[in-house]
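Chains as they are written, first to last, in full-length UniProt numbering: chain B, 1 to 546; chain R, 1 to 546; chain A, 1 to 546.
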């Protein structure tokens, strides 16, 4: 398809003119609707001319491309509604227009690009690939520019909490190695626990503060992460990491006030109700569709909570969380083992994410041992299941290949630590040379793995500098572009092509010709929505770009 | 398709002539085959002229349209075979014809409308919609007239036993509130249990007698209910209600003779063998196809039986039923949670039927507590699972909308009562202010809910008078009509159009033009089959129309 | 499609000429590639003229058709690689050719018939039918001749170990009847156990030696059995049978050295890791695809091992195997009960294979009873589940029809024996007239069933002589033939038609016209590959044809 010529000669308008015409008003929004109609033109200009704009001059224009994800780029109403967590009308100015859609939503949904709504679960599966759904398919185009580095906060994923999981579970492990009778012969110095625990605390605080900033400044990005079929499960990670921290605190756990446990379990319970409810009653995010190994994170929190609670001296509520975890773990275990034909996204090759399989049963065994007061047969059943799954992964270790490092790997180290922990406990119950050797061996493997992942992380962070690549999984378009729609828009808008020029300077995405339309359409919308309050544009510097 | 003109001018024959030509014989049946061939004509007459017939005069004609579902409208052989439960040739007169079909059944099945066979499970899903599969899809036409009230017995569904479940479980609850140590502080008067129990007994007797009359007089309708994917599960309800009655009897349960328990569990075991066998080994009614929340009724009976049996002092058989229930509950729980793509009939909105989710685990917890002799960890696990599911439904309570009241709602109240009961037992084990408050609170919610449903029932029964609407879910056609078949019939019968008039007066269904043929064809067949014994037509008054 | 005329008149070459041109070399292999191109011609000749060849003269040619499955028919490298279990290049001579394929494997795979690779799981389902996937579909053609008896070893299936299972479990049963307190009143003589045990030992040795010969001489056939979705599960049978033998040894089990148990459990653990890993992580053999009742054999071994280990005085490892078994049994039980739409191969009628359903829970109940030291509630739950499943099958006994006897039936008798055994143990725990009657009754049924199957086996072995029919399930082609490919080959090879004649004499399969091409192509390949070492052809007499 050859690029269309500018309809009335205004397509070549210089970018510097744009500032003049941006004004946040209903007319502007109506214009925006027409902008959609000339995507080809728009994209050509974006790809062709935007880089020619002087860098210093285009800084503010570039910023605007991320405004769609920014919390404080729109009106105050939008911010508040977003904070309240209810996806309201993303363009408050367009209320009268949207009302019209409300009546005939089924049809109008076809015609409007409501980019502000979170993409559907299907859309995530359709647009992304890879074991963590982290790579954009070749036929897709991101709504954010792929050829340059995004603001740091936009690139900071929730899976960064995996680091906290990895390190704080190590703190737990070394505390246990120090205190359990089966490993006293190792004479582990308390300093190991102390050092690791303080590192964990520092790391958790750092990651939490950073992510909180993301929540504040890029709430839309956080929303999209929450609805991501894989990433969403990582929202359990902060609370699990905190539970690990409490469990690994360098003094007896039962001295800690119970209210800490209640405070940490409340969000887990809420997430349980939300996520499991989606599994069961939602059409779109039902389990037979979204099941993947990362769902284990959504289950393991219950067991960790049960373990800590029982350790702190609570009795009934740990059983409650254990029961909830057990019921849903059974469902998840069966579903993942079946590999239903609807779970096609699971790749043929294995991936570190599979190690999450061993997390739940190993933590469950410890939790049940604490609840029962002894490492009884029930705890042993869970423990041995985790050991078998561990062995099952280890013998397939040569199938773990062909994937890129990501921060999420940290989350896949804590299952190894859990198994090591459970083995230490088991060895205290069944104390012989074999179990002691196993306890030491697994602890060693776990420590080595964490060190390895740490080294890889440092390498990626400081040597290659790509620890936080552009997080394309939150930048997918809301729906697949339709060629017929593009043509229809083109024809429709040939009469009002004067407004066309307004949005041109905002584009600089690396649009691919095959799928350009959706990208350009969404960009044009975003640029418009960000333009609603030019006064606030100066405040964009608050985004914590390093 | 324009309505065809009457072929030889006899289409306008007055309805009063019909009585003259009705005669139950083979020739008449052969005529009936030809009747199929002019459905358009027939329907037009039905929709256009039937209402013009004087009501008093058409009473017997109207009755005949229901004869297809009547037990005593055919020959004696048919009644007996029906009572024996074997679906035999529904039209004994047509044996010679049907024999011919037997040989080449695969092909002939295409050409004949064997309405007497129960529709397949697929057919139920294809023809009905709604969470209880209780509404006819717009493209379907019922085999019974939709525009007027059917005989009362035909409208009396098996789900009426839900009322017995709701009230008798309340009797149980108040007995428990009176006797359990955790709720003695409420000082519940024994009269509550007494009154509720006697009401339950009266209600159960009333419903049972009425349904028995339906079994006797409309066995075909009962058969169709039994094969209905949702309604079939309600056949467990009578026995569960009786178990509740025995459990709630206003004196110690262990005084009751064990034979009562055996008598009540025998039908449940038979139903278990039948239903679970279908899940596993049947192609058409396999679990991945028919799974829906009402299946919980098919599981909960085992737990109720185990609970009562253990309460009565039995030891091994309660464990047997508990084991059977547990195994199949696991299967059901996983299947329902997965929401397999084959279970598409589940609606997006929640529905009271989802409350059945909490029934099984709460009863199971009580049963296991009774079997073990204490509310141990196993019982607590089940109890907490039910509590979580309860909470999961309560937080989604605003999703419960957009559905019509039905008698089946009663069945959805007993899970709340079960949870309340389990909580009272749990509070006796873990006795503190919190658990007592929960016990009282849940009992209150349960009582309020039952009162609310009672009020709604009374309102629908006496004010709006639509408590028993036409039960279209038993009136679906056996298969989707085919247009080509209709045309073929038309061509075939253009020569023998004289017999056409015989069946005209029987039609008054609100046939829709798009799907008229199946409706008219089945109606014409039914009218003919009912005509076999005019002498018995007078006996139709026995049907207990109120 | 009319048969093509011989291209240059050489198509009518007499078969006796063939011996002259067979030579194992690269040129010969290149020829072979061209042979594919004239399948029509080839098949016509095969069907038409091959029978005309004198029998005595064609013996060596006939032998060659099985060479593809023979271990020692190729070069030494191939034998070794096969023994090492790694499917290497089947035709070492063709390395240079195959290298070329390696680069563009996706495309070239379309063009070559790599018959040496094991057919995919999909292929097994597509080509075979019946509850044991033991019958070739009418549209398929076997790679081995169907019209004459194959070498005995090729017809000796792994399911022959079912006999060992059946007899050795009887030995166990009679030992238990003799020793358990609940059945001492029967005064069973120790001789029963002695005789049965020695028969079992003899039978197991005989079957094992025979199958070992098959492994040695027809490794390709064994590989294909291992990858057969049903047959593969029978590879657990030898080890289970040995466990039964150890358990049924006519003296106290705890006198046996523990190393025997370790030796027997090692292969079971390896198979567990292999098979369960396939269920979970393999795309092609995932559980939702291959689930069928014979998978129970893959689970029951863990329980048998746990039972024997606990009986021998071990403590932790039996719990390990019990845990592994329980987790995977849960998955399997749910999956089989759901009857996922992807498990279409399960037939509508029941089949003795369904009796495997009762094996796992009954053995699990015994194992748990031994692990716990008493027949406690956990053991009872498993026991009652197996009883219910047993009853569920017995009431459907009239659905067991329309299938042919096979050796695998023996495997379906041991579940009955297991139930009988568990009942005897249960009766020792709950000792009353009812349980004793049940124990005796079920033992009787089990003994009668084994006798019946024995009689049927003897009848088939010695009277009808068809105990070991041609095992077509290992003889399916690797992929479905494509018509377009055939035509392309035809066009390609029209220039080098002289080599065509070489392979003609090798064909005598009953090729059906609709699916001839794949058959002929594979046959031509096999004949060629077997021709590589004519010197070894004389050694084929080692194959133990009776």
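Idealized CB from N, CA, C, for every residue including glycine.
Asked	Found
Restricting to Cα atoms, I'd like to know which of A/290, A/312 and A/265 is closest to residue 237 of chain A.	A/265
Are the C-beta of residue 176 of chain A and some C-beta of chain R separated by less than 8 Å?	no
If you measure from the beta carbon of residue 381 of chain R to each beta carbon in chain B, is any gap under 8 Å?	yes
Just the C-alpha distance for residue 449 of chain R and residue 253 of chain R, rounded to the nearest angstrom, thanks.	27 Å
Taking the beta carbon of residue 412 of chain B as the centre, do at least 16 other beta carbons fall within 10 Å, making it buried, or is it exposed?	buried
When you compare the CB positions of residue 443 of chain R and residue 173 of chain R, do they come within less than 8 Å of one another, or not?	yes
With contact counted as at least three CB pairs below 8 Å, one residue from each stretch, are the segment 211-230 of chain A and the segment 284-295 of chain A in contact?	yes
Use the C-beta contact count for residue 128 of chain R: other C-beta atoms within 10 angstroms, 16 or more gives buried, fewer gives exposed.	buried
Does DSSP classify residue 128 of chain B as helix, strand or coil?	strand
Residue 436 of chain A touches chain R at which residues, Cβ-Cβ below 9 Å?	Those do not exist, as residue 436 of chain A stays about 14 Å from chain R at its closest Cβ, beyond 9 Å.
Under 8 Å between C-beta atoms, does residue 312 of chain R make it to chain A?	no
Residues of chain R with CB under 7 Å from residue 273 of chain B, in chain order?	391, 392 and 395
For residue 377 of chain R, return the contacting residues in chain B, with the cut-off set at a CB-CB distance below 8 Å.	319, 371 and 372
Where does residue 203 of chain R land, buried or exposed, given buried means 16+ other C-beta within 10 angstroms?	buried
Using the Cα positions of residue 381 of chain R and residue 161 of chain A, report the straight-line distance between them to the nearest angstrom.	42 Å
Just mark residue 464 of chain A as buried or exposed, buried being the case when its beta carbon has 16 or more other beta carbons within 10 Å.	exposed
Do you know offhand how far residue 518 of chain A's Cα is from residue 280 of chain A's?	Any reading at residue 518 of chain A must be qualified, since the residue scores a pLDDT of 37, below 50, and its modelled position is unreliable; no value is offered.
Check this for me: beta carbons of residue 215 of chain R and residue 222 of chain R, under 8 Å apart or not?	yes
Could you tell me which residues DSSP puts in a beta bridge with residue 135 of chain B?	B/129
Please confirm whether any heavy atom of the ligand HEM lies closer than 7 Å to the CB of residue 195 of chain R.	Only the bare structure without any ligand can be found here, which leaves the ligand HEM out of the picture.
Against residue 366 of chain B, what residues of chain R qualify as contacts under a CB-to-CB distance less than 9 Å, listed in chain order?	Ordered by position in chain R, no residue passes the 9 Å Cβ test against residue 366 of chain B, which lies about 16 Å from the chain.
So, residue 286 of chain R versus residue 339 of chain A, is the Cβ gap smaller than 8 Å?	yes
How close, in whole Å, do the beta carbons of residue 334 of chain A and residue 180 of chain A come, if the pair is a contact with beta carbons under 8 Å?	Rounded, the Cβ-Cβ distance is 33 Å, inconsistent with contact.
May I ask you to report which of helix, strand or coil DSSP gives residue 468 of chain B?	coil
Taking only runs of the alpha helix (DSSP H) that begin and end inside the segment 270-352 of chain B, which ones reach a length of at least 4 residues, in chain order?	287-290, 296-312 and 316-338
In whole angstroms, give me the CA-to-CA distance for residue 101 of chain B and residue 396 of chain R.	Reliability fails at residue 101 of chain B, whose pLDDT of 39 lies under 50, so the model's placement of it is uncertain and no value is given.
Rounded to a whole number of angstroms, what is the C-alpha to C-alpha distance between residue 374 of chain R and residue 270 of chain A?	42 Å
Given that residue 277 of chain B touches chain R, what residues does it touch there, using C-beta distances under 8 Å?	392, 395 and 396
Can you tell me whether residue 388 of chain A is helix, strand or coil according to DSSP?	helix
Do we get a CB-CB distance below 8 Å when we pair residue 412 of chain R with the residues of chain B?	no
Using a Cβ cut-off of 7 Å, pull out every chain B residue sitting near residue 287 of chain A, in sequence order please.	337, 338 and 339
Quick check: the segment 451-465 of chain A against the segment 434-442 of chain A, are there 3 or more CB pairs under 8 Å?	no
Taking 8 Å as the CB-CB cut-off, is residue 303 of chain B touching chain A?	no
With 16 other CB atoms within 10 Å as the buried threshold, where does residue 441 of chain B fall?	exposed
Since residue 290 of chain A meets chain B, which of its residues come closer than 7 Å, beta carbon to beta carbon?	Per Cβ cutoff of 7 Å: no residues; residue 290 of chain A is ~10 Å from chain B at best.
Quick check on residue 326 of chain R - is its C-beta less than 8 Å from some C-beta in chain A?	yes
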